[in-house]
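Visitor: Chains P and Y are the protein sequences, given in the same order.
Under numbering that gives the first Met the number 0, the first sequence has 228 at position 229, and the numbering climbs by one with no breaks.
Under numbering that gives the first Met the number 0, the second sequence has 55 at position 56, and the numbering climbs by one with no breaks.
For glycine and all other residues, C-beta sits at the position ideal for the given N, C-alpha and C.
2 protein chains.
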Amino acid sequence: MEKETNQRAHRYCVIMCGGVGSRFWPFSRSGRPKQFLDFFGTGRSLLQMTYDRMLALTPSSHIILVTNSAYKEIIREQLPEVSEENILCEPARRNTAPCVCWAAHHIYAKDREASIVTLPSDHLIMREGEFHRVIDAGLGFVEQGDRLLTIGLKPTTPHTGYGYIQRGEPTATPDILKVKSFTEKPNKEMAKMFLSTGEFFWNSGMFMWRADSILKAFAKYDKEISTLFDAGEKYYGTSREMDFIEASFSHSPSISIDYAIMEKADNVYVETADLGWSDLGSWQALYETSPKNAEGNVTQNSEVLATDCEGTLFASGQGKIIVASGLKDYIVADQGNALLVYPRAEEQKIRQVVNEVLSRFGEEYV
Amino acid sequence: MEKETNQRAHRYCVIMCGGVGSRFWPFSRSGRPKQFLDFFGTGRSLLQMTYDRMLALTPSSHIILVTNSAYKEIIREQLPEVSEENILCEPARRNTAPCVCWAAHHIYAKDREASIVTLPSDHLIMREGEFHRVIDAGLGFVEQGDRLLTIGLKPTTPHTGYGYIQRGEPTATPDILKVKSFTEKPNKEMAKMFLSTGEFFWNSGMFMWRADSILKAFAKYDKEISTLFDAGEKYYGTSREMDFIEASFSHSPSISIDYAIMEKADNVYVETADLGWSDLGSWQALYETSPKNAEGNVTQNSEVLATDCEGTLFASGQGKIIVASGLKDYIVADQGNALLVYPRAEEQKIRQVVNEVLSRFGEEYV
C-alpha cells in the first residue's frame, strides 16, 4: 500500500495541445483552435476540461502542456494556475512522436521513476469517474514493467474516421490485453466487420508508460528521433532546455507516435474502456456524438428555426439565430467572419477548403 | 417656354420610406429596413440613391419624405440636408393611400399649382438618365389636366411577384396611354400570356399627378380617407399640422393607393418605360436582377467559395466569407445576429418566418 502511494507521487500527465483542428473550421481557427474553444457553451474550453479532469489524479505541478509557441498566451490565459515551466512550446509542427519524446525527457530529467499519461487536449469524455478509474488502473499496469499502454474505446458504431486496435491475449489485469494489430481508418464494410467481431477498439490517442520505457522504445524503434533528443540530455530540466529545443526540434522528422513506436513495438498493450468518448475530430464526429431531434438535426450552441430539414448540424456563435429550410444532411456552421454550409458526407474536404480560404482570402479567415 | 419653366418650379417629390421590408430579412430589419441599407455596397443607401436621383429634377426643399416616426432619426442621419419640416412622420402604419393623401394636402397647402411625383424609396433603377426623361415627360403630361399617371415598366420576364397594368388607347404624348386594367400578381401561365401580348406592364408604384387632381380623386373614390384628411385643411403647413395628424391619422383605413384610387378612377394613364428597374421586393427579385456566374449563382456584397452550387444567391455583411457546397436554388443570407438558408422557391414564406422569429427569439432579431 505504501509502495502504491509512493508510485502515485511519480505520476505525470502530458497534455498535447498544439494542434490546429482545421476540420472544425470555421469554429476552430488557426489562431484559436478547437482545444481552446468553449465548444459546448459550458464555460470551460476543451483544454480546460481536459486539465480539470486530470487534477483529480495528479497535482497541477505534474501536468505538462506541450503546445506550439503560437498558443502560449492562450494557454496562460486559460490555465493561469499552470506554471510557465510546465508549458513546453514546440518551435515547429512535427506531429506527436517528437512531442512525446521531448516531454518524456523533460519529465525523466526531474523524476527517474516517473510514469506518464499522454492525452490529446480536444477530446470529449462524458464518463469522468470511469476515466479516472481507467487511468489509475492503466498507470498501475505500466508502473509494474516495461510496457506501452494505449486506451482502446469500445466502438458503438462502425466509424470510418477512427483507427482501430485489435486485441490479443489477456493479461492478469482486467480489461488490459496485448495488442494484436493496429489498423488504419477502415472503409464502412471493414468497420462493420470490426464491430461484429468484438475484437476491435477505437484508437483513442491516449497513452500510458513509464518515462524510461518510452525513451527505451524510441532508442529501439526510432533511432533518428532518439538520437536527436538524447543529445539534449544535459539540458532537460535546466534553464538551457529551451535553447536546445529551439536549435534541434525542427530537425526532427514529422511522424506520429503510432507510426514511430506503437505499431512497431512488441510490448504494446490496450486497455479497453467505455468513456462516453469522441475525438471531436470533425463536424461529422460532433454530429454523431450529439443528441438529435426527431428529424435527426443537431443544434450546437445555437437558436435554430428549421423547417423541412433532416440530419443537419447547426452551429453558431452565442446570440445568433439560424433560419433554415430544406437542408438534408448538412453542416451549417457560422462563426465570426466565416460561414460554412456544407454536406456532411463531404466534410473530409473541409481541410482543403480551409487551405483555399487561406490562399484566396488571407489568414484572418482561417 | 417660360410657362414650362414656371411649371417646373411647382414640381414636388414625395418619397415613401416608412416600409418594413420584411421579405429581405435578415438584411432588412424592423429597426433599419431595406431602404436604409447600402444594399450594393456603393456607399449610399437605397433611400439616399432615390433622393440623389430626384435632386436632378427638383430642389431639396421640394422633396418630402413620408415615413414612420420610428425612422425619423435614421433619415436625419442619412439625409442631413433635408429640413425637418420636409419629413412627415406617420404615427401608425396604414399602407400607401393615407400617406399619399396627407402628402398631397401638405404640399397643396404650400402650393396650389403643385404637381407631384410619388416614389417608393427602395427600388433599383439602373437607367438614371432615362428615369429623368420619363419623370419630366410624365409631370408635363399631368400638369396639362386632371390626370393620374402611373409608370408601367416594360416586362423582361413573366414575373409572378408584380402586379401588371394593361395599356389602353394612346394619348397625344408618346409612351403615355390610357390604362385598360390593373391586375393582381398573376400565376406563371398568366404572366407568360401577359408578356406575349405586349400589352402588359409591371406596376411600379411610381405615380404622378397634380396635388388638386389626387385630392379630387380621393373625394370621389375614397370618401372616408378624403373626409378624414380634409378635416385638417386649416392645419396643413402650420405648426399645428402634426397635432392634427397625431390625433387623426390612425383612424384612417389601411389601404393601398392602387385599391383606393387607381383601380377605380377613370382618368388613369400609364407611362411605359424601360428603366432597368426592380422593386427589390425580395431575395428572389434581387436574384433575378443580379448578374450571375456560369453556375447561375449571385454573389451579393460577399466573398464566396462555392463548389457544386447552382442558382444560389449569397449575401453577407462586409468582411464575411461564405464557403458552401451542394446548394441548388438557395438563398444564403447572413447579417448580424441572424442567418437565413432558404430555398429560393419558398421565399414567399420569409414574411411568416420573420414573425415566428419575432415571437420565439424577440425583436432584436427582426
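#1: Between E302(P) and chain Y, is the shortest Cβ-Cβ distance under 7 Å, so that the two count as touching?
#2: Between V303(P), T95(P), E363(P), which lies nearest to V340(Y) when the distance is taken from Cα to Cα?
#3: Using the beta-carbon count (16 or more within 10 Å), is I14(P) buried or exposed?
#4: Return yes when the Cβ of G30(Y) is within less than 7 Å of the Cβ of N300(Y), no when it is not.
#5: Given S44(Y), which residues of its chain have a CB within under 8 Å of its CB, disregarding the five upstream and five downstream residues?
#6: In its own chain, which residues sit with a C-beta less than 7 Å from the C-beta of R350(P), not counting the 5 before and 5 after it?
#7: Does G318(P) come within less than 7 Å of chain Y when only Cβ atoms are used?
#8: F360(Y) versus chain P: which residues are under 9 Å apart at the beta carbon?
#9: Do the CB positions of S315(Y) and D333(Y) come within less than 7 Å of each other?
#10: Pairs of beta-carbons, one from the segment 345-364 of chain P and one from the segment 317-325 of chain Y, closer than 8 Å: are there three or more?
#11: Three-state secondary structure (DSSP) at V99(Y)?
#12: Just verifying my parser: in three-state terms, what is the DSSP assignment at I120(P)?
#13: So the candidates are E309(Y), R209(Y), I124(Y); which of them puts its Cα closest to the Cα of R146(Y)?
#14: Contact between the segment 258-278 of chain Y and the segment 132-145 of chain Y is defined here as three or more beta-carbon pairs at a separation below 8 Å; is this criterion met?
#15: Tell me, please, whether the CB atom of Y341(P) is closer than 7 Å to any CB atom in chain Y?
#16: For the beta strand (DSSP E) that F200(Y) lies in, which residues bound it at each end?
#17: Can you tell me the Cβ-Cβ gap for W101(Y) and F228(Y), rounded? I've got them flagged as a contact below 8 Å.
#18: Relative to the alpha-carbon of M53(P), which residue among S249(P), H131(P), I224(P) has its alpha-carbon at the smallest distance?
#19: For S59(Y), which residues of its own chain have a beta-carbon under 7 Å away from its beta-carbon, when the five flanking residues on both sides are left out?
#20: For chain Y, find out if any of its Cβ atoms is closer than 7 Å to the Cβ of S324(P); answer yes or no.
#21: Which of the three DSSP states is assigned to A305(Y) in this structure?
#22: Within 10 Å of its beta-carbon, does G137(Y) have 16 or more other beta-carbons around it, so buried, or fewer, so exposed?
#23: Excluding the five sequence neighbours on either side, which residues of its own chain have a C-beta within less than 7 Å of the C-beta of G167(P), listed in chain order?
#24: Buried or exposed: which applies to G42(P), given that a residue is buried once 16 or more other Cβ atoms fall within 10 Å of its Cβ?
#25: Going straight from the alpha carbon of R7(Y) to that of C16(Y), what length do you get?
#26: Once the 5 residues before and after A218(Y) are set aside, which same chain residues still bring their CB inside 7 Å of it?
#27: Are the Cβ atoms of T95(P) and I256(P) separated by less than 7 Å?
#28: Using a cut-off of 8 Å between C-beta atoms, extract the partners of L214(Y) located in chain P.
#29: What whole-angstrom Cβ distance do Y50(P) and I62(P) have, given they're in contact under 8 Å?
#30: Mind listing the chain Y neighbours of V369(P)? Cutoff is C-beta to C-beta under 7 Å, in chain order.
#31: On a Cα-Cα basis, can you pick out the residue from P169(P), P173(P), K187(P), T172(P) that is closest to Y163(P)?
#32: Under 8 Å Cβ-Cβ, which residues of chain Y neighbour E345(P)?
Guide: This is what the structure gives:
#1: Numbered from its first residue, the first sequence carries residue 302(P) at position 303. Proximity of E302(P) to chain Y, defined by a Cβ-Cβ separation below 7 Å, is satisfied.
#2: As a first step, residue 340(Y) must be located in the second sequence, where it is residue number 341. For the residues V303(P), T95(P), E363(P), the minimum Cα distance to V340(Y) belongs to V303(P).
#3: Within the first sequence, the letter at position 15 stands for residue 14(P). Label assigned to I14(P): buried.
#4: Locating residue 300(Y) in the second sequence gives position 301, where the first residue counts as 1. Locating residue 30(Y) in the second sequence gives position 31, where the first residue counts as 1. Not in contact: N300(Y) and G30(Y) (Cβ atoms no closer than 7 Å).
#5: Counting from one through the second sequence, the residue named residue 44(Y) turns up at place 45. So the qualifying residues of the chain are Q34, F35, L36, D37, F38, Q77.
#6: By 1-based counting over the first sequence, the position of residue 350(P) is 351. Leaving aside the five residues that flank R350(P) on each side, the residues in its chain whose CB is nearer than 7 Å to its CB run, in chain order, S21, R22.
#7: Position 319 of the first sequence, counted from the start, is the residue given in the question as residue 318(P). By the rule that beta-carbons nearer than 7 Å mark a contact, G318(P) touches chain Y.
#8: Taking the second sequence and counting its residues from 1, one reaches residue 360(Y) at position 361. In chain order: E302, L304, I320.
#9: If you number the second sequence from 1, residue 315(Y) lands on position 316. If you number the second sequence from 1, residue 333(Y) lands on position 334. It is a contact, given that the beta carbons lie within the stated cut-off.
#10: The segment 345-364 of chain P, when compared against the segment 317-325 of chain Y, does touch it at the 8 Å Cβ threshold.
#11: As a working note, residue 99(Y) is residue 100 in the second sequence. Note: V99(Y) maps to helix in three-state DSSP.
#12: Sequence index remark: in the first sequence, residue 120(P) carries index 121 (1-based). Residue identity differs from the one stated: residue 120(P) is Ser in this sequence, not Ile. DSSP places S120(P) outside both helix and strand once states are collapsed to three, so it counts as coil.
#13: Position 147 of the second sequence holds residue 146(Y). When each option's Cα is compared against that of R146(Y), the closest is R209(Y).
#14: With contact defined as three or more Cβ pairs closer than 8 Å, the segment 258-278 of chain Y and the segment 132-145 of chain Y are in contact.
#15: Translated into positions along the first sequence, residue 341(P) becomes position 342. By this cut-off, Y341(P) is an interface position.
#16: As a working mapping, residue 200(Y) is identified with position 201 in the second sequence. Per DSSP, F200(Y) belongs to the beta strand (DSSP E) from 199-209.
#17: As a first step, residue 101(Y) is located in the second sequence; it is residue number 102 there, counting from the start. As a first step, residue 228(Y) is located in the second sequence; it is residue number 229 there, counting from the start. The distance from the Cβ of W101(Y) to that of F228(Y) is about 6 Å, consistent with a contact at the 8 Å cut-off.
#18: By one-based count along the first sequence, residue 53(P) stands at place 54. With distances taken between Cα atoms, M53(P) lies closest to H131(P).
#19: As a working mapping, residue 59(Y) is identified with position 60 in the second sequence. Shown here for S59(Y): same chain residues with a beta carbon closer than 7 Å to its own, the five before and five after excluded, namely E80, V81 in chain order.
#20: Locating residue 324(P) in the first sequence gives position 325, where the first residue counts as 1. Yes - at least one Cβ of chain Y is within 7 Å of the one on S324(P).
#21: Counted from its first residue, the second sequence places residue 305(Y) at position 306. The answer is strand: DSSP assigns A305(Y) an E or B state.
#22: The sequence position of residue 137(Y) within the second sequence is 138, counting from 1. Classification for G137(Y): buried.
#23: Taking the first residue of the first sequence as position 1, residue 167(P) is located at position 168. For G167(P), the CB contacts under 7 Å within the same chain, skipping 5 residues up- and downstream, are L176, K177, V178, K179 in chain order.
#24: Locating residue 42(P) in the first sequence gives position 43, counting from the first residue. Exposed is the call here.
#25: The sequence position of residue 7(Y) within the second sequence is 8, counting from 1. The sequence position of residue 16(Y) within the second sequence is 17, counting from 1. Looking at the two C-alpha atoms, the distance is approximately 24 Å.
#26: Locating residue 218(Y) in the second sequence gives position 219, counting from the first residue. Contacts found: S225.
#27: Taking the first sequence and counting its residues from 1, one reaches residue 95(P) at position 96. Taking the first sequence and counting its residues from 1, one reaches residue 256(P) at position 257. Yes. Within cutoff.
#28: Position 215 of the second sequence, counted from the first residue, corresponds to residue 214(Y). In chain order: nothing, as chain P lies at least about 44 Å away.
#29: Here residue 50(P) refers to the residue found at position 51 when the first sequence is read from its first residue. Here residue 62(P) refers to the residue found at position 63 when the first sequence is read from its first residue. Yes, Y50(P) and I62(P) are in contact; Cβ-Cβ is about 6 Å, under 8 Å.
#30: The structure shown does not extend to residue 369(P), since chain P is modelled only from 0 through 365, so no value can be given for it.
#31: In the first sequence, the residue the question calls residue 163(P) occupies position 164. Minimum Cα distance to Y163(P) is reached at K187(P).
#32: Here residue 345(P) refers to the residue found at position 346 of the first sequence. Neighbours of E345(P) on chain Y, chain order: S324, G325.
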